[in-house]
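Just so we're aligned: the sequence shown equals residues 2 to 114 in our numbering.
Written below as structure tokens is the structure these notes are about.
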Amino acid sequence: MPSPSKILLNINSCRVMTAITVMSLGPSDSPLWWMAAAPWFLINLPGLLLLAIPGLVLGLGLAETGSLEWIGGAFLPTIGIVVPTVLSILLSHCWRPLLNKTGALSHFYYPES
């Protein structure tokens, strides 16, 4: 089992922790949810960008037809947080072999402690 420090330094675990924090503080109307939303936004930017265009097209298409009545109050924020987080995690797993193959990050030196 990895040590707690390695888990905390893993960006995917940070993505999940910030998403859980935003989802728990947002509905409770806590003023601190913005402090969790800013890091969540930054580390999930790839997933947000990947979701933005299809989401806007789908949202505008559904808005024109008037079929948005089925979307509840908690459904949209949950989907808006969970889907970009999952997409960012999937993208990071896709990028890792590509970066290892190209050697894009091989010039960084990490001394062993």
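Built from N, CA and C at the ideal position, the CB exists for glycine as well.
Predicted model only: the values in this text are computed from it and were never measured.
Taking a contact to mean a Cβ-Cβ separation below 8 Å, would you say P40 touches T19 in this structure?
For P40 and T19, yes; Cβs fall inside 8 Å.
Write down the C-beta distance between I90 and V23 rounded to the nearest angstrom, noting that I regard them as a contact closer than 8 Å.
Not quite, the Cβ-Cβ distance comes to about 15 Å (not below 8 Å), so this is no contact.
Which of the three DSSP states, helix, strand or coil, is assigned to S114?
For S114, the pLDDT reaches just 44, beneath the cut-off of 50, and the residue's location in the model is therefore unreliable, leaving the point undetermined.
Using only the alpha-carbon positions, how far apart do D30 and I80 sit?
One C-alpha to the other measures close to 18 Å.
When burial is assigned at 16 or more other CB atoms within 10 Å of the CB, is L52 buried or exposed?
Under this definition L52 is a buried residue.
To which residues of the same chain is C15 closer than 7 Å at the C-beta, ignoring the five residues directly before and after it?
Within the same chain, C15 has close Cβ partners I44.
Leaving out five residues on either side along the sequence, give the residues of the same chain with a beta carbon under 6 Å from the beta carbon of P47.
S89 and L92.
Check S89 in the structure and name its three-state DSSP category.
Helix.
What did DSSP end up calling L33 once you bin it into helix, strand or coil?
In the structure shown, L33 sits in coil (DSSP, three-state: anything other than H, G, I, E or B).
Out of M36, L100, F42 and V84, point me to the one whose CA is closest to G56's CA.
The candidate whose alpha carbon is nearest that of G56 is V84.
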